Amino acid sequence: MLSQPQLTPTSGGIAIAAQAGAGSASGMLGEREVVRNTGKQAIVSFLESQTCYSVLRASGKVVVFDTRIPIQLAFYALVEHDMQAAPLWDPKRCQFVGILTVTDFIDVLRYYRETGSDVLTLASRSIADILADEGILGTVLKKNPPRRYASANGEDTGEDQHSSFLSVDADANLDRACHLLHDQTMDFLPVMLPSDMRVLATVTYTCVLEHLVSNFREQRRLFDDTIYDLGIGTYGEDVVVAYPHQTLHEVLHTLHLHGLSAVPVIDENTKKIRGVYSRSDITFLTKASDAEDAVSNLNLTLDVLMAQQRTDVTTPDALHTCSTRHTLQYVFEYFAQWKFNRLICVDEEERVVGVVSARDLVAYFL
């Protein structure tokens with residue numbers, strides 16, 4: 020019989036110590052489940068013991084937008100400050116009312132293209148005006164959760180961060196923050212200071228993972244199963260891909276439809292991976308001379324855009340690959356080095372077989 024695994028504290032966190040015996044195959048299978056569950060519980064306990072303060076940077080900045088300012092100005096402010104999202108403050112109601120992201124502005128441009136509206140009017144439209152436009156909210160800004168995390172009836176059960184403000188107190192534990200991110204299908208969770216209702220930062224799945232791997236990087240016996248065996252990620256026919264010949268407008272529509280932040284780009288003939296395209300890529304905007312030109316650039320193909328990608332915070336993730344044989348421990352260690360938002364799983368021929376996101380990794384422990 021295999022002995023009951025014992026939790027042993029180490030300098031890096033918690034590890035598994037077990038003595039091998041002459042047990043049966045079923046006994047070994049039982050031990051594997053015990054090890055998996057122990058690994059999960061170790062990380063859950065860690066998340067419960069850590070407050071949201073622990074993931075905040077020692078020095079950082081928070082940009083907050085007054086809903087009365089033009090949305091175009093807000094977008095350029097995000098780019099200038101190297102930020103992906105900012106809380107929205109309504110001065111009339113004297114409270115936070117939502118979050119604006121880089122991708123929101125891109126989606127608004129898609130709406131103007133699809134409806135044939137005069138994009139020159141966008142320069143004078145405030146954030147509040149845009150978020151009160153049911154035509155925009157009900158189409159390009161409508162929330163679509165990833166199918167992997169959609170509810171059983173296909174309806175979205177998460178909060179719409181364009182019309183409501185969901186946050187977490189800085190003294191709340193990380194387990195609470197992770198559940199809010201996951202259960203409400205959020206990408207950004209504001210962290211508030213309870214004493215004066217001030218936003219300290221926004222937490223993402225990547226922030227949580229970055230804090231996690233620094234404490235569990237050395238625990239090999241906890242995470243020796245492969246990501247595929249653990250069911251972490253999306254595989255096979257469920258993987259959404261794009262092709263170099265597709266236009267930006269087509270790809271952005273696909274990403275929005277499936278509730279995805281990025282998509283692997285593959286060669287149409289060989290099916291080999293060519294790169295990754297992200298909804299937050301603003302390459303087509305930086306090449307535009309004005310709003311009309313920006314809308315026109317939505318007709319550019321991915322192969323043209325991928326050759327011009329930027330290298331700042333709004334750049335789509337660099338391509339990081341793995342195989343289905345890589346263990347969760349390997350993925351943790353790889354993340355500690357590269358801080359990726361997703362890994363593309365490929366086979367021996369470099370063909371895409373799966374995608375593992377930061378959300379997938381966090382969701383495994385919830």
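The letter at position 336 of the sequence shown is residue 355 when you use the working numbering, and the numbering goes up by one with no holes.
Where is the CB? At the ideal position from N, CA and C, for every residue including glycine.
This one's a predicted model, so the numbers in the text were calculated from it and none came from an experiment.
Return the first residue and the last residue of the alpha helix (DSSP H) that residue i is part of.
i           : result
residue 90  : 90–99
residue 355 : 347–357
residue 197 : 193–202
residue 325 : 321–325
Using only the heavy atoms of the ligand COA, determine whether one of them is closer than 7 angstroms to the beta carbon of residue i.
i           : result
residue 379 : Looking for the ligand COA in the displayed structure turns up nothing, as the structure carries no ligands at all.
Taking residue i as the reference, give the member of the options with the closest Cα.
i           : options            : result
residue 247 : 75, 370, 380, 189  : 380
residue 80  : 113, 100, 244, 371 : 100
residue 254 : 295, 121, 136, 371 : 371
residue 144 : 87, 133, 102       : 87
residue 368 : 358, 223, 288      : 288
residue 317 : 63, 66, 133, 121   : 133
residue 189 : 121, 68, 210, 201  : 210
residue 187 : 378, 216, 164      : 216
Please classify residue i: does DSSP put it in a helix, a strand, or coil?
i           : result
residue 114 : strand
residue 102 : coil
residue 36  : Reliability of the predicted coordinates at residue 36 is poor, the pLDDT of 34 falling under 50, and the value obtained from them is presented with this limitation in mind. Strand.
residue 332 : Only weak support exists for where residue 332 lies, its pLDDT of 42 falling under 50; the value from the coordinates is given anyway. Here residue 332 sits in coil by DSSP.
residue 171 : With a pLDDT of only 49 at residue 171, under the threshold of 50, the placement of this residue in the model should not be trusted; the figure read from the coordinates follows. Note: residue 171 maps to coil in three-state DSSP.
residue 379 : helix
residue 131 : helix
residue 222 : strand
residue 315 : helix
residue 166 : helix
residue 84  : strand
residue 372 : strand
Round the Cβ separation of residue i and residue j to the nearest angstrom and send it over; I've been treating them as touching at under 8 angstroms.
i           : j           : result
residue 270 : residue 321 : 6 angstroms
residue 350 : residue 364 : Residue 350 to residue 364, Cβ: 10 angstroms. No contact.
residue 251 : residue 375 : 6 angstroms
residue 199 : residue 185 : 7 angstroms
residue 336 : residue 354 : Between residue 354 and residue 336 the Cβ distance is about 12 angstroms, and since that is not below 8 angstroms, they are no contact.
Are residue i and residue j closer than 8 angstroms when you measure CB to CB?
i           : j           : result
residue 58  : residue 241 : yes
residue 243 : residue 346 : yes
residue 279 : residue 302 : no
residue 276 : residue 298 : no
residue 91  : residue 147 : no
residue 295 : residue 259 : no
residue 60  : residue 117 : no
Got a sec: is the Cβ-Cβ distance from residue i to anything in chain E below 8 angstroms?
i           : result
residue 311 : No chain E is part of this structure, which consists of one protein chain only.
Considering just the uninterrupted stretch of the beta strand (DSSP E) at residue i, what are its terminal residues?
i           : result
residue 292 : 292–297
residue 363 : 361–365
residue 281 : 281–285
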